Structures are given as C-alpha cells and as structure tokens.
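Okay, structure first, notes after.
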C-alpha cells in the first residue's frame, strides 16, 4: 500500500529565503508525482508534474526533483514571497489511485 | 471561466438528511473524481468516473452514491448523513482514463457540516 509522507508539517520563513519541502513515498512503482498548492478555503492547484522517467521539472521560482528509486521528491522554492504562503501537497500516481501526503503548511513572513 | 465548478460551497445540515453536491467541468476531460478532505486535512479519493462509468470506488459507504449524467458532470448524493461525514469534498478532473498521468484540476470544494 502506497504511503506518502511530507516533512516538515509546517514551516515558517522570512521573505526572500530559499526553501525546500520534502516528500517521500513507500512504493517506487509510480507513473508520476505531482506537487499541489492549497490556499485556505480553496481547491488544489497543480504546480508541477514529474513523470516517472524525469528527474526534475521547473516552473518559475519552483523546481521539483524526483528520485524514484529512493522514493523521494523535493520542491524547491527560490526567493520566497508572502504570496507563497499556502499548504503544499505532493501526490503520487501508480497502480493505486492518486495518493496524497498530508502537506506542508508554509508561512512566508514579510 | 471556472474549469471545475462545484456547488454548493457550504452545506450545513442535520443528521439523517439526504443531500447532493454537484460538479461540472468544462475542460473536456474524460475522467472525474470525488475526494474527501477530513479535519486533519488528509485528502483521500472516494470515486473515479471515466466517460460516465465508475472506475474506482474506494470502500466508501453505500450511503454515498455518485451519478454521472454525462462526462462533464459528476454529482455526489449522500443519504442519511452522519456526523462523521463532515468534511470538505473536492471534485476533480483529468484527461486520463486510467491512473492519472496528467495534471488534476480541482474544484474549490464543498464544506459539509453535519449537526
């Protein structure tokens, strides 16, 4: 059974810092991994999708990496801004339905 | 235009009532989903439909009955509501027909409170 863990559960950083969010999964037989952003009272927005054959994806200040063999992914956020404050979730797709981690709640302090 | 829209946004009701949540996507996607996010913010899949056919039913009580009149709509009907049904329910869609290999697009959620 696939399990997804995200560390840390919460993170608070001053504006301008670079930061890394971690995601690990137990079953490496995945099709892809997605990083989502969830704002309070709103739905999830897909940020990056990494196919199992890829090592990383970049979008603006966001960079996601995938090490499938070790069951790990990281989301790197450069030059963080208060607008980045949200909960970030990773999810893996494999032979089971999309399985989500519990998320990392990020606060960027101005 | 909202890609995945669900109504209502908030739903407050008494135990034992029957209620429905509606979802529509205008992305032309083949697959739609219902997810439940509990009080601990854990997001878990409930159902998946592909072209109006049920693909996934993740051990959800049969009080929950999804209905897909066409591939752009997936409604969720809940009978005999219980306190433990209180959660945020999210509708989502993707282009895939099997395990999602493309991005999922989520609605903004329906916060259900059972009193």
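Residue numbers (this note's numbering), protein chains in the order written: chain A, 1040 to 1149; chain B, 12 to 126. For each residue, glycine too, the CB sits at the ideal point set by N, CA and C. In this text, all values refer to a predicted model and were calculated from it rather than measured experimentally.
In the assembly as shown, residue 1071 of chain A is a buried residue. Its beta-carbon has 16 or more other beta-carbons within 10 Å.
What residue 59 of chain B touches in chain A, judged by beta-carbon distance under 7 Å, is 1136, going in chain order.
For residue 1145 of chain A, no Cβ of chain B is located within less than 8 Å of the residue's own Cβ. For the pair residue 1047 of chain A and residue 116 of chain B, the Cα-to-Cα distance works out to about 25 Å.
Linking residue 33 of chain B to residue 16 of chain B through their CA atoms gives a straight-line distance of about 8 Å. At a cut-off of 8 Å between beta carbons, residue 39 of chain B makes no contact with chain A.
Check the Cα spacing between residue 92 of chain B and each of B:114, B:64 and B:75: the tightest is with B:75. Of the candidates A:1119, A:1044, A:1088 and A:1121, the residue whose Cα lies closest to the Cα of residue 1105 of chain A is A:1088. Beta bridge pairing from DSSP links residue 84 of chain B with B:35 and B:81.
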